[in-house]
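A.B. asks: Let me give you the structure first, and then I'll get to my questions.
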Amino acid sequence: MILWTARRALFKVSFLGLFIGFVIFVIGFSTPFWLRTSFGGGSQGLWQYCVDVCRRLQVEEAWFETVRVLMCVVLILYFSACVLALYDNCLAKYDPLTFTITRRVEIATAAAGLLGVIGLAVYTVMMKLSNSSFRFTEFSGSYVATSTSVTIAVIVAAAMWLTNTVQPQDGTVLTGGGGHTMVMTYQSTMPSGHQYQQPPPNGANPYPALPASAPPQAYAYPAQPQPTYPGQPVAVQYSYAGSLHS
Numbered sequence: 001m002i003l004w005t006a007r008r009a010l011f012k013v014s015f016l017g018l019f020i021g022f023v024i025f026v027i028g029f030s031t032p033f034w035l036r037t038s039f040g041g042g043s044q045g046l047w048q049y050c051v052d053v054c055r056r057l058q059v060e061e062a063w064f065e066t067v068r069v070l071m072c073v074v075l076i077l078y079f080s081a082c083v084l085a086l087y088d089n090c091l092a093k094y095d096p097l098t099f100t101i102t103r104r105v106e107i108a109t110a111a112a113g114l115l116g117v118i119g120l121a122v123y124t125v126m127m128k129l130s131n132s133s134f135r136f137t138e139f140s141g142s143y144v145a146t147s148t149s150v151t152i153a154v155i156v157a158a159a160m161w162l163t164n165t166v167q168p169q170d171g172t173v174l175t176g177g178g179g180h181t182m183v184m185t186y187q188s189t190m191p192s193g194h195q196y197q198q199p200p201p202n203g204a205n206p207y208p209a210l211p212a213s214a215p216p217q218a219y220a221y222p223a224q225p226q227p228t229y230p231g232q233p234v235a236v237q238y239s240y241a242g243s244l245h246s
């Protein structure tokens, strides 16, 4: 069983949004259409400038190199988040009884989004201040794509953080965390000589009373199993629903 089958709908939407945002970022990161320049209708990106023919963009400004470094880090974090999300939800085995919530996908995605916002802010401000050196008329498609992708990263990180739980699946669910609901189903084997396996005296209920602290309908006892001969083990299933508190 994989974790994807127990994920909630909003988490699945966020999961798909993560990959869509990554693809958009790669497009914006690698294409030379961050700016439309005023000379000959050319364009410029992080790595190339194009006027009829695209050439490598060489700059000496420290701030521009800083933006490049930040965007490279964003690319690595974004890619790492996608790989981790794919592994955790679609490849790794999922056991509801041992499942532990991890936040590594959300942390990597949030870091990518925040660093991307910082890089774009530096680029935007410095380009406007350097308008006399870098003649441009407007920001273009690659800039818009990169801005969109880092915005998606921030939104996806927040949505995943809020919906990183699992839903009831095959009668066994463990959402974890303080105040979350736990529904646990387990099966035990008891000898037929146990009090639950004996016929009730005079039609009385052989099952013990519920604890005073038990919530209504917290315990679900099975119907009385009928032993075949003394000493034969009989499988009985119990269910409990309650709250987990840290």
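So that you can map any letter, position 51 of the sequence shown is 51 in the UniProt record's numbering, and since no number is skipped, the others follow by simple counting. Beta carbons are placed, not taken as given, at the ideal position from N, Cα and C, and that holds for glycine. Quantities reported herein were computed from a predicted structural model and do not represent experimental measurements.
Grab the span of the alpha helix (DSSP H) containing V67 for me, first residue to last.
C.D. replies: Counting along the chain, the alpha helix (DSSP H) containing V67 begins and ends at A62 to L86.
A.B. asks: Which residues bound the beta strand (DSSP E) around R103?
C.D. replies: Careful: R103 lies outside any beta strand (DSSP E) and carries neither H nor E.
A.B. asks: What does a CB cutoff of less than 7 Å around V33 pick up in its chain, not counting 5 residues either side in sequence?
C.D. replies: Per the sequence shown, the amino acid found at residue 33 is Phe instead of Val. Here the set comprises S43, G45, S140, G141 and S142.
A.B. asks: Name the residue from S14, F29, W63 and G41 whose alpha carbon lies nearest to the alpha carbon of W47.
C.D. replies: Out of S14, F29, W63 and G41, F29 has the C-alpha closest to the C-alpha of W47.
A.B. asks: Taking the straight line between their C-alpha atoms, what separation do you get for T148 and G116?
C.D. replies: Distance between the alpha carbons of T148 and G116 is about 10 Å.
A.B. asks: Work out the CA separation of I27 and A153 for me, nearest whole Å.
C.D. replies: Each residue's alpha carbon lies about 15 Å from the other.
A.B. asks: Are there three or more Cβ pairs, one per stretch, closer than 8 Å when the stretch 109–125 is compared with the stretch 66–83?
C.D. replies: As far as the Cβ criterion goes, the stretch 109–125 touches the stretch 66–83, which means the pair count is three or higher.
A.B. asks: If you compare alpha carbons, which of V83, Y87 and A157 is closest to T109?
C.D. replies: Checking every option, the nearest Cα to that of T109 belongs to A157.
A.B. asks: Counting along the chain, where does the alpha helix (DSSP H) carrying M37 start and finish?
C.D. replies: Here the sequence assigns Thr to residue 37, which means Met is not the residue at that position. Run containing T37: none in the alpha helix (DSSP H); it sits in the beta strand (DSSP E), L35 to T37.
A.B. asks: Short of 8 Å in beta carbon distance, which residues of its chain neighbour L129, apart from the five on each side in sequence? Order them along the chain.
C.D. replies: Excluding residues within five positions, none has a Cβ falling inside 8 Å.
A.B. asks: DSSP on Y94, reduced to helix/strand/coil?
C.D. replies: In this structure, Y94 counts as coil in the three-state DSSP scheme.
A.B. asks: In whole angstroms, what separates the C-alpha of K12 from that of W4?
C.D. replies: Their Cα atoms are separated by approximately 8 Å.
A.B. asks: If you count every other CB in all the chains shown that lies within 10 Å of the CB of T146, and 16 or more means buried, which is it?
C.D. replies: Buried, by the Cβ-count rule.
A.B. asks: What residue does the beta strand (DSSP E) around L51 start on, and which one ends it?
C.D. replies: It should be noted that the sequence gives Val, not Leu, for residue 51. Unbroken beta strand (DSSP E) run through V51: Q48 to V51.
A.B. asks: Restricting to Cα atoms, I'd like to know which of M127, A85, L70 and G41 is closest to C54.
C.D. replies: When each option's Cα is compared against that of C54, the closest is G41.
A.B. asks: Buried or exposed, going by whether 16 or more other CB atoms sit within 10 Å of the CB of L16?
C.D. replies: Answer is exposed; the Cβ neighbour count stays below 16.
A.B. asks: Taking buried to mean at least 16 other C-beta atoms within 10 Å of its own C-beta, is Y87 buried or exposed?
C.D. replies: So Y87 counts as exposed.
A.B. asks: Drop a sphere of 10 angstroms on the beta-carbon of A9, count the other beta-carbons inside from all chains shown, and report buried for 16 or more, exposed for fewer.
C.D. replies: Exposed is the call here.
A.B. asks: In or out: I20 buried (at least 16 other Cβ within 10 Å) or exposed?
C.D. replies: I20 is exposed by the Cβ-count criterion.
A.B. asks: Looking at the structure shown, is S140 part of a helix, part of a strand, or coil, going by DSSP?
C.D. replies: DSSP places S140 in coil when its eight states are reduced to three.
A.B. asks: For the alpha helix (DSSP H) containing I24, list its first residue and its last residue.
C.D. replies: A9 to S30 is the extent of the alpha helix (DSSP H) around I24.
A.B. asks: By the three-class DSSP mapping on this structure, what secondary structure does A6 have?
C.D. replies: Helix, per DSSP.
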